[in-house]
Amino acid sequence: ETGVTQSPTHLIKTRGQQVTLRCSSQSGHNTVSWYQQALGQGPQFIFQYYREEENGRGNFPPRFSGLQFPNYSSELNVNALELDDSALYLCASSLGGAGTDTQYFGPGTRLTVL
Amino acid sequence: QQQVKQSPQSLIVQKGGISIINCAYENTAFDYFPWYQQFPGKGPALLIAIRPDVSEKKEGRFTISFNKSAKQFSLHIMDSQPGDSATYFCAPGNTGKLIFGQGTTLQVKP
């Protein structure tokens, strides 16, 4: 059984650029959630995708957008990057459906915005 | 709005001792109460979790105690080991969205 994988591991961008981060969910999981973890803080919920539809969103501006594909892998896109977007971006997969299921996290993508 | 408050912020325990971390929450709609462990440079890993219909759950050296009326739950690590040194997060959830605490850095001294 393959765990959650994310790519790339590290990324450096400049302010105003756009970035795409990728996540492959754990085998059999149909739900992907994205979190942003600033240095020294707990992860903050960005949004969740369930069977290719957005299924809940945290307090993040519209320049944070996402996609989920038929194989349940997912992308996080961030437009017009700001310095404060520098963080570890975490993807978590779960079985989904009603209620809250155990979320399994990937290793994250470290984004640095200069 | 700080929905989840974790304490203490940091903790130093001797090897073999008991580590206790507390989590207080505000949202009574939370239906899932996990603790995650995170090592530097890694993603959080689920340690143990509880549902609101149970007051305590034990898995090996790790125990969750849940007090629904006080809106609190805690993590107890028995016989703490140097390998337990990490950051611990409570992350109560509702409808699939987890709200993480600020984290507790645990150092277990040999």
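Same order as they appear, the protein sequences are chains A and B. Residues 1 to 114 (this note's numbering) make up the first sequence, in order. Residues 1001 to 1110 (this note's numbering) make up the second sequence, in order. Note that the Cβ used here is the ideal one computed from N, Cα and C, for glycine as well.
Item to check | First and last residue of the uninterrupted beta strand (DSSP E) at Ile1050 (chain B) | outcome: Ala1045 to Ile1050
Checklist entry - With contact counted as at least three CB pairs below 8 Å, one residue from each stretch, are the region 1012-1031 of chain B and the region 1075-1090 of chain B in contact? => result yes
Checklist entry - With distances taken between CB atoms, is the gap from Asp85 (chain A) to Gln36 (chain A) smaller than 9 Å? => result yes
Checklist entry - Listing by chain order, which chain B residues have their CB less than 8 Å from the CB of Tyr72 (chain A)? => result Simply none; closest approach about 14 Å.
Item to check | Helix, strand or coil at Val1004 (chain B) [DSSP, three-state] | outcome: strand
Next on the checklist: Measuring alpha carbon to alpha carbon, tell me which residue in B:Gln1038, B:Asn1027 and B:Ala1029 is nearest Leu1106 (chain B).
Outcome noted: B:Gln1038
Checklist entry - Can you find a C-beta in chain B that's less than 9 Å from the C-beta of Phe64 (chain A)? => result no
Item to check | Gly1083 (chain B) (DSSP reduced to helix, strand or coil) | outcome: helix
Checklist entry - Based on the DSSP secondary-structure assignment, which residues constitute the bridge partners of Pro1034 (chain B)? => result B:Ala1049
Item to check | Boundaries (first-last residue) of the beta strand (DSSP E) holding Leu95 (chain A) | outcome: Per DSSP, Leu95 (chain A) belongs to no beta strand (DSSP E) and is neither H nor E.
Next on the checklist: So, under 8 Å CB-CB, Ser33 (chain A) and Gln103 (chain A) are touching, yes? Tell me the CB distance rounded to an integer number of Å.
Outcome noted: 6 Å
Item to check | Contacting residues, own chain, Cβ-Cβ under 6 Å from Ser93 (chain A) (five flanking each side not counted) | outcome: Val4, Ser25, Gln26, His29, Val32 and Tyr104
Checklist entry - Looking only at C-alpha atoms, which of B:Pro1044, B:Thr1063, B:Lys1005 and B:Glu1026 sits nearest to Asn1094 (chain B)? => result B:Glu1026
Checklist entry - Can you list the residues of chain A that Pro1040 (chain B) reaches, using a CB-CB cut of under 9 Å? => result In chain order: nothing, as chain A lies at least about 11 Å away.
Next on the checklist: Rounded to the nearest angstrom, what separates Cys23 (chain A) and Gly1103 (chain B) at their Cα positions?
Outcome noted: 24 Å
Item to check | Separation of Lys1005 (chain B) from Gln17 (chain A), as counted between CA atoms | outcome: 35 Å
Item to check | Range covered by the beta strand (DSSP E) that runs through Ala38 (chain A) | outcome: Premise fails: Ala38 (chain A) is in no beta strand (DSSP E) and is neither H nor E.
Checklist entry - For Lys13 (chain A), which residues does DSSP report across the bridge? => result A:Val113
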